[in-house]
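Working notes for the structure below.
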Amino acid sequence: MWTSFGRALAAVVAAVVLLLGASACTGSPSSNQASPDQSSPGAASGAPSGATSYADVVERVAPSAVTVRTSDGVGSGVVFKSDVVLTNQHVVGTQSQVTVRFADGGSSPGVVLAADQISDLAVIRTDRKNLPVADFRKDLSRPGDVVLAIGSPLGFENTVSEGIVSGLHRDLPASENKGQPLTDLLQTDAPISPGNSGGALVDASGKVIGINEAYIPPSAGAVAIGFAIPSGTAVDNADKLMSTGRVDHPYLGVSLGDLTPSIRDRFGVKVDHGALVLGVDDNGPAAVAGMKVGDVIVRVDNKDVRGVEDVLTAVRSTKPGQQVPVTVARGDQRQDLSVTIAPRPQ
């Protein structure tokens with residue numbers, strides 16, 4: 161199943177669109193760029209518990225949603241600290257000065273403090289102080305949870321669209337115009353377009369669950385396939401950018417999936433929890449340590465693993481060069497491996 165998905169994904173990866181500024185679509189768009197009528201259609205309204213409107217949620221969140229304008233175009237952002245905005249690195253590019261527009265119509269100069277291309281995140285300090293800080297959710301949402309995307313698609317500021325979380329832990333290979341893989345993303349069907357980059361993906365309570373990142377356009381045969389950086393990852397990396405100006409990315413070298421009851425039953429997996437190894441990167445740390453496709457990671461760094469997020473959390477807390485004990489279930493046996501964490505390849 162994973163192999164088929166990988167082949168299908170590889171066939172459309174060149175069409176993955178990073179949600180660049182609106183200027184990218186107001187000139188002469190390529191066949192892969194979305195025009196105003198090509199945004200991925202969202203799910204029908206599915207407000208939980210009989211709710212018919214998310215207007216109150218949007219009203220609370222909107223003051224923390226900003227527009228980031230550069231000389232190259234328009235993107236979105238989220239208030240991270242009282243005078244700091246979090247956005248995508250590809251929104252700011254190589255620029256050090258931007259303009260930040262707020263929900264009240266005001267604007268402020270902004271200075272790019274630091275940016276990281278691998279995680280595609282950047283932090284901007286604004287001249288304006290005492291901004292309303294967004295509430296970031298550290299734990300993952302579940303597939304099927306309602307979400308709202310808030311940003312400035314095609315320059316239309318403070319636009320809201322609705323959808324659901326469509327999937328977790330999505331990996332996309334390096335796209336043609338970025339040269340970097342996109343890893344461990346949330347998938348959503350909330351309509352997003354160029355200019356949504358760096359904006360908030362929030363849950364039904366108004367907590368930020370992700371930073372909008374990319375989508376596959378309908379021209380590639382996709383319908384409502386968008387991606388966001390999970391807020392836990394975004395917050396961790398933004399904190400590092402604020403404190404040190406850089407992010408050192410620890411690298412395990414595996415693709416992981418959740419171990420569901422149906423997978424356990426169908427494939428005869430002998431453990432009832434863990435993270436299923438779907439792929440192992442050639443010559444990566446896991447491969448060198450002897451990890452194989454089909455293994456189930458049950459412990460990392462002497463901590464039990466219930467699912468994929470436990471592995472990701474454990475790896476994020478390590479440093480390149482650190483040796484980490486990893487226990488995998490392989491058939492009826494358990495194997496203790498010693499994995500030397502590496503820096504993520506550039």
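Numbering-wise, the numbering used here puts 486 at position 326 of the sequence shown, and it's gapless, one number per residue.
Note that the Cβ used here is the ideal one computed from N, Cα and C, for glycine as well.
Quick caveat, the model's predicted, so the values are computed rather than measured.
| Asked | Found |
| --- | --- |
| So, with DSSP's three-state summary, where would you put K400? | helix |
| Check whether the Cβ atoms of A449 and D461 lie closer than 8 Å to each other. | no |
| Can you tell me whether S312 is buried or exposed, with buried defined as 16 or more other CB within 10 angstroms of its CB? | buried |
| Within 10 angstroms of the Cβ of D344, are there 16 or more other Cβ atoms? Answer buried if so, exposed if not. | buried |
| Determine the burial state of F387: buried for a count of at least 16 other Cβ atoms within 10 Å of its Cβ, exposed for fewer. | buried |
| Can you give the Cα-Cα distance for V407 and Q277, rounded to whole angstroms? | 9 Å |
| Between the region 366-382 and the region 429-445, do at least 3 Cβ pairs fall closer than 8 Å? | no |
| When we look at the beta-carbon of G355 and count the other beta-carbons within 10 Å, is it buried (16 or more) or exposed? | buried |
| If we call anything under 8 Å between Cβ atoms a contact, is K430 one with D492? | yes |
| Given L472, which residues of its chain have a CB within under 7 Å of its CB, disregarding the five upstream and five downstream residues? | D344 |
| Might you give, ordered along the chain, the residues of its own chain that have their beta carbon closer than 7 Å to the beta carbon of R476, omitting 5 neighbours on each side? | D396 and P410 |
| Looking only at its chain, what residues have a beta carbon closer than 7 Å to the beta carbon of S498, apart from the 5 residues adjacent to it on each side? | A449, Q483 and P485 |
| Round the Cβ separation of S239 and A294 to the nearest angstrom and send it over; I've been treating them as touching at under 8 Å. | The sequence shown places Val at residue 239, not Ser. 5 Å between Cβ atoms; contact. |
| What residues are listed by DSSP as bridge partners for V221? | Bridge partners of V221: none, in fact. |
| Ignore the nearest five residues each way along the sequence and tell me which others in D264's own chain have a CB closer than 8 Å to its CB. | P223 |
| Can you tell me where the beta strand (DSSP E) with D496 in it begins and where it stops? | Q493 to T500 |
| Apply the 10 Å Cβ neighbour rule to F427 and answer buried if 16 or more other Cβ atoms are within range, or exposed otherwise. | exposed |
| Please return the same chain residues whose Cβ sits closer than 6 Å to the Cβ of V271, not counting the five positions on each side in sequence. | R285 |
| Ends of the alpha helix (DSSP H) at R466? | Counting along the chain, R466 falls outside any alpha helix (DSSP H), and DSSP gives it neither H nor E. |
| Using the three-state DSSP reduction, which class does R490 fall into: helix, strand or coil? | strand |
| From S205 to V458, what does the alpha carbon distance come to, in whole angstroms? | Because the pLDDT of S205 is 38, which lies under 50, any placement of that residue in the model is unreliable, and the number read from its coordinates should be weighed accordingly. So the alpha carbons of these two residues sit roughly 38 Å apart. |
| For D280, is the beta carbon positioned less than 7 Å from some heavy atom of the ligand ADP? | In the structure on display, the ligand ADP does not appear, and there are no ligands present to speak of. |
| Can you say whether T319 is buried or exposed, counting buried as having 16 or more other CB atoms within 10 angstroms of its CB? | buried |
| Check the DSSP bridge columns for V471 and list the partner residues they point to. | V471 pairs with nothing; no bridge assigned. |
| Please list the segments of the alpha helix (DSSP H) lying wholly inside the region 410-460, counting only runs of 4 or more residues, in order along the chain. | 421-427 and 445-449 |
| Identify whether Q249 lies in helix, strand or coil by the three-state DSSP scheme. | helix |
| For G481, count neighbouring Cβ atoms within 10 angstroms of its own Cβ and tell me buried if that reaches 16, exposed if not. | exposed |
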